[in-house]
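In our numbering, the protein residues as written are 26 to 535. Have a look at the structure below before the remarks.
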């Protein structure tokens, strides 16, 4: 067994099943190892940012890491954008990066770079392998650390991949147990007994179990539930507890939170504005009103259960009242597209949401959809949608994945469609094509620029030339169609949902 084979064997022994890869010459021993050591499925991605984004989507839905295989420092650099999103989502992920042979490094070959420094930017831990007999143990240690919600980068020189292993002692390492603070539980219980309190939920608080426990607490204490603006994964749909989403713009978020005497932080952190605006605080709650129950790496379900018991909360929740949106008519806009998707999405769907400003109405519109898993862009680095939808479909081949996607963000990772086609993945991509970076127009208006100059206008416009998404999709092997009315959109969604494999719908917005 060589070093590459020992790494693959250790990964398989720890339960890893998928490797999203964009390999080069340096990683060929690892590619060969996936043939000689059974159990690890290699999936080719045409860009590293698709590989890292797909690994993120896979891990969110599978509940365990995928491997990424990347080529040297430039390959890692190409994937850093979605590694950033994965870090912000607390996604368990391991990136294996090939490095030059140790004896070749001093010659400063063209691909040489400081991989470890690049990796440190978005990794919770960086491991550089220096002993072939330690590779298996380093792999299992990386997996154990990642499983607690971290991104890990493991750097593996080419000569160590090829070297013979003489004393491999790999042992599976279990995820370290999480804990919570009993003192914080009591502090939260005290806050919830006051007149006006909200629970701000993120990460594990947004699982089906976490939401039910939070719903019991809210019902027992007449409190409100709020979720993070951008969340990793939230189990939603009819019958779920009533919950509001923290607004994106900080002035609107502060207007929401200032209504509460206390805001209890559950599975997340004290909320912070996405950007800094003059005269508006960075934090969206005051220090005095903020009560921490658990952070993202703590035992949130355990803390919520303890809080339920402390409050003697009955096993009942207040579900969101209402119904699905009525059928829409006419041309397409943010409201009609969002409501049509919410009304037509099937039971047990996975909805990857990177529609940004166009998709704002979707959260409210989908409250009464059949139960589904809702994934979102987490770190603000756009281009996550097509990649994460790809990974989610790999993790859950028995579920329909819908990628509700803005055109500006989607243009960052169109190579994901090729992987969807090659792997026959069940992803329906709906491109909300408003032919602009519309969020920039919104920000200009908020800044008081009501008549932007020609340069500012051009920097936000995507209409000269307009992106032809049907041609992009077809060119990547995905059946694609263009619609510009609600009736056409309904027919296209119905057709895509009735078939297996990927489909792309270009929805032209008015």
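No residue lacks a Cβ here, since even glycine has one placed at the ideal position from N, Cα and C.
Identify the continuous beta strand (DSSP E) that holds residue i and give its terminal residues.
i	result
residue 182	176 to 182
residue 383	It is not in any beta strand (DSSP E) - residue 383 carries neither H nor E in the DSSP assignment.
residue 457	452 to 458
residue 268	Taken as a continuous stretch (DSSP letters only), residue 268 belongs to no beta strand (DSSP E), as it is neither H nor E.
residue 399	397 to 401
residue 430	426 to 431
residue 310	Careful: residue 310 lies outside any beta strand (DSSP E) and carries neither H nor E.
residue 505	505 to 508
In the DSSP assignment, find the alpha helix (DSSP H) that holds residue i and state where it starts and stops.
i	result
residue 470	463 to 471
residue 110	97 to 113
residue 242	233 to 246
residue 335	325 to 336
Residue i: buried (16+ other C-beta within 10 angstroms of its C-beta) or exposed?
i	result
residue 241	buried
residue 353	buried
residue 494	buried
residue 459	buried
residue 135	exposed
residue 411	buried
residue 527	buried
residue 476	exposed
residue 451	buried
residue 370	buried
residue 378	buried
Can you check which of these residues, the options, is closest to residue i by C-alpha distance?
i	options	result
residue 382	395, 33, 272	272
residue 125	243, 291, 180	180
residue 28	68, 175, 72, 187	187
residue 207	495, 328, 459	328
residue 165	474, 121, 106, 147	121
residue 247	69, 481, 228, 285	285
residue 251	294, 219, 160, 209	294
residue 384	63, 358, 32, 436	358
residue 323	437, 291, 460, 39	291
residue 374	406, 407, 417, 409	417
residue 415	304, 82, 56	82
residue 41	172, 151, 110, 152	172
residue 488	449, 533, 468, 520	533
residue 74	491, 525, 434	434
So residue i and residue j are supposed to be a Cβ contact under 8 Å. How far apart are they, rounded?
i	j	result
residue 213	residue 316	6 Å
residue 19	residue 105	In this structure the chain extends from 26 to 535, so residue 19 is not present and cannot be described.
residue 161	residue 32	7 Å
residue 86	residue 420	4 Å
residue 465	residue 485	4 Å
residue 367	residue 205	About 35 Å; that fails the 8 Å criterion.
residue 514	residue 365	6 Å
residue 95	residue 119	11 Å between Cβ atoms; not a contact.
residue 254	residue 270	6 Å
Keeping to the same chain, check which residues put their C-beta closer than 8 Å to that of residue i; ignore five residues upstream and five downstream.
i	result
residue 355	361, 510, 511
residue 143	98, 101, 102, 105
residue 26	34, 189, 190, 193
Beta carbon of residue i: closer than 8 Å to some heavy atom of the ligand GDP?
i	result
residue 213	Within the structure as shown, the ligand GDP is missing, as the structure has no ligands at all.
Taking 6 Å as the limit between beta carbons, can you name the residues of its chain near residue i, skipping five residues before and five after?
i	result
residue 393	263, 347, 348, 349
residue 529	454, 498, 503, 505
residue 396	262
residue 70	45, 47, 76, 444
residue 90	84, 117, 118, 119, 171
Quick one: what's got a C-beta closer than 7 Å to residue i's C-beta in the same chain, skipping five residues either side?
i	result
residue 363	384, 386, 387, 390
residue 191	158
residue 37	62, 64, 65
residue 234	326
residue 265	236, 344, 345
Any beta-carbon of chain D closer than 9 Å to the one on residue i?
i	result
residue 167	Within the model displayed, chain D is absent; a lone protein chain is all it includes.
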